[in-house]
Amino acid sequence: MPVYNKEELVRFVEEAKQYARYGKVADYIPALGKANPNELSIAVYTADGKVVDAGDVTVKVTLQSISKILALALVLIDRGEDEVFRKVGMEPTGDPFNSIAKLEEVQPSKPLNPMINAGALAVTHMIRGRSVEERIERLLAFIRRLAGNEQITYSEEVAQSEFETAFLNRSLCYFLKQHGIIDEDVEELMDLYTKQCAVEMTCIDLARIGLVFALDGRDPHSGELLMPLDVARICKTFMVTCGMYNASGEFAIKIGIPAKSGVSGGILAAVPGRCGIGIFGPALDDKGNSLTGVKLLERLSKTYSLSIF
Ligand code: GLN
4 MPVYNKEELV RFVEEAKQYA RYGKVADYIP ALGKANPNEL SIAVYTADGK
54 VVDAGDVTVK VTLQSISKIL ALALVLIDRG EDEVFRKVGM EPTGDPFNSI
104 AKLEEVQPSK PLNPMINAGA LAVTHMIRGR SVEERIERLL AFIRRLAGNE
154 QITYSEEVAQ SEFETAFLNR SLCYFLKQHG IIDEDVEELM DLYTKQCAVE
204 MTCIDLARIG LVFALDGRDP HSGELLMPLD VARICKTFMV TCGMYNASGE
254 FAIKIGIPAK SGVSGGILAA VPGRCGIGIF GPALDDKGNS LTGVKLLERL
304 SKTYSLSIF
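The sequence shown begins at 4 in this note's numbering and counts up by one.
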């Protein structure tokens, strides 16, 4: 087990920040456009319960696509593998996260995996509950347990901002509805999905959730099983094959850590048996991953030999 040391992490953050000028914050969700591209923070939560961090880890980051892995875990627990994978596939796409293209090619039509928007919408559709409020509360309760933080909630501002502008996601929903993958009201599903994406937390919370996955679903402090081993395994596998969108192959080769990113600039990473990592760096590359965050993870992975391969 490597000893992560604060001075070294601070140095790595400063190095990675130099790349911020090559990135761009996401502004297709207007509220995310306000982020400072020079921000970069990281928390490493080790299996012995220690946290080492660098940068301003009090800043909250909205999960965006990171929420896809948490919604998937909940839905797998709720409904089991067979039902979930009847509606969504297991294969990487090689297309951007919001692409509609492959939906037309696959017969019968079904989103290729739960990490692209079409697949994530199908997964969110499967969250159980009688109303949007009950469903988001169930997801929040699950996320709070994983993070060990009862305060976690969603940003009304970011949820509203995405809800008002999510035309492409609405079109994905209508396509899915036409093909019988979803059968609920599209506006309700968008309400739930945009709230799910706007759940916000610090890098320390992200790192602790990463650690739960790294420990095969166990709470790092109590040892309690927060999700079945199989669910943790499926989620980590998707993180490797599709977690960084259509940059997942390069990420696996250069970094080799199961990880999930979001267009807010957040990354949640799980180093099996060793640690969870949470990163916030809103300067994104052209695939929508945190450019500075990926640089930072690459440095960490090389320094501490974190690749699982
Ligand atoms: N809420 C975002 C969207 O659906 C999440 C996308 C992402 O983080 N890649 O567009």
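Cβ coordinates follow ideal geometry from the N, Cα and C atoms, glycine included.
Reducing DSSP to helix, strand and coil, say where residue i ends up.
{"i": "M4", "result": "Confidence at M4 is low in this model, with a pLDDT of 48, below 50, so its placement is unreliable and the value that follows should be read with caution. M4: coil per DSSP, three-state reduction."}
{"i": "E203", "result": "strand"}
{"i": "Y31", "result": "coil"}
{"i": "D188", "result": "coil"}
{"i": "A150", "result": "helix"}
{"i": "T65", "result": "strand"}
{"i": "I282", "result": "strand"}
{"i": "A272", "result": "strand"}
{"i": "R221", "result": "strand"}
Which residues in the same chain as residue i place their Cβ atom closer than 6 Å to its Cβ, once the five residues preceding and following it in sequence are excluded?
{"i": "I72", "result": "C238 and K263"}
{"i": "A57", "result": "L12, V13, V16 and I45"}
{"i": "E301", "result": "K257 and I258"}
{"i": "M4", "result": "Any answer about M4 is weak, because its pLDDT of 48 lies below 50 and its placement is not dependable; what the coordinates show is given next. So the list is empty, once near-sequence residues are dropped."}
{"i": "I69", "result": "K263, G265, G269 and L271"}
{"i": "D32", "result": "Correcting the residue identity first, residue 32 is Ile in this sequence and not Asp. For I32, where only same-chain residues beyond five positions count, the Cβ hits under 6 Å are S164 and E165."}
Please report the residue range of the beta strand (DSSP E) in which residue i lies.
{"i": "A123", "result": "Segment N120 to H128 is the alpha helix (DSSP H) holding A123; no beta strand (DSSP E) there."}
{"i": "T49", "result": "S44 to T49"}
Can you tell which of the options has its C-alpha closest to the C-alpha of residue i?
{"i": "I146", "options": "V215, V161, N172 and I282", "result": "V215"}
{"i": "D289", "options": "N249, T127, L300 and V274", "result": "N249"}
{"i": "L79", "options": "E107, R131 and Q21", "result": "R131"}
{"i": "E167", "options": "A273, Y22 and K198", "result": "K198"}
{"i": "P117", "options": "V135, C245 and G26", "result": "C245"}
{"i": "Q67", "options": "A217, L229 and L271", "result": "L271"}
{"i": "P111", "options": "G183, N172, Y48 and F254", "result": "G183"}
{"i": "P95", "options": "K63, Q163, G252 and R211", "result": "G252"}
{"i": "S267", "options": "K9, A38 and A150", "result": "A38"}
By Cβ distance below 7 Å, which residues in the same chain neighbour residue i in space, the five residues on each side in sequence not counted?
{"i": "L175", "result": "I103, N120, A121 and L124"}
{"i": "T127", "result": "A74, L192, L195, Y196 and Q199"}
{"i": "F100", "result": "S68, I119, N120, Y248 and G291"}
{"i": "L115", "result": "G92, E94, T96, K105, V109 and G122"}
From which residue to which residue does the alpha helix (DSSP H) around residue i run?
{"i": "V87", "result": "S70 to K90"}
{"i": "V13", "result": "K9 to K20"}
{"i": "V161", "result": "E159 to T168"}
Considering only residues of the same chain and omitting the five flanking positions on each side of residue i, which have a CB-CB separation below 8 Å?
{"i": "E236", "result": "Strictly speaking, residue 236 in this sequence is Arg, with Glu absent from that position. Taken in chain order, the residues that qualify are D219."}
In chain order, what are the residue ranges of uninterrupted alpha helix (DSSP H) at least 4 long that sit wholly in the region 237–269?
251–257
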